[in-house]
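In our numbering, the protein residues as written are -13 to 52.
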């Protein structure tokens, strides 16, 4: 079961990233991989899921959340 935060899933998938950035799914996977590596570097104890990115971290990096 996926956890929900503020009515939204805790993780963002490839389709959302592809739509938000207007890129292909392959490029969206590359973006997710880079974001997960950055998150892990900033917080080594963070849990990362392959093919998904933490919603809060994603929104902060994408400029959606301040």
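In this text, a Cβ means the ideal position worked out from N, Cα and C, and glycines have one as well.
Quiz item: What did DSSP end up calling residue 39 once you bin it into helix, strand or coil?
Solution: Residue 39 carries a strand assignment under DSSP once its states are collapsed to helix, strand and coil.
Quiz prompt | Limits of the unbroken alpha helix (DSSP H) element including residue -4 | solution = No alpha helix (DSSP H) contains residue -4, which DSSP labels as neither H nor E.
Quiz item: Taking just the CA atoms, how far does residue 22 sit from residue 48?
Solution: For residue 48 and residue 22, the distance between alpha carbons rounds to 13 Å.
Quiz item: What residues in its chain sit with their C-beta under 7 Å from that of residue 0, if we drop five residues either side in the sequence?
Solution: Within the same chain, residue 0 has close Cβ partners 11, 14, 15, 18 and 37.
Quiz prompt | Supposed contact pair residue -3 and residue 39 - C-beta distance, whole angstroms, cut 8 Å | solution = So it is a contact: roughly 7 Å between Cβ atoms.
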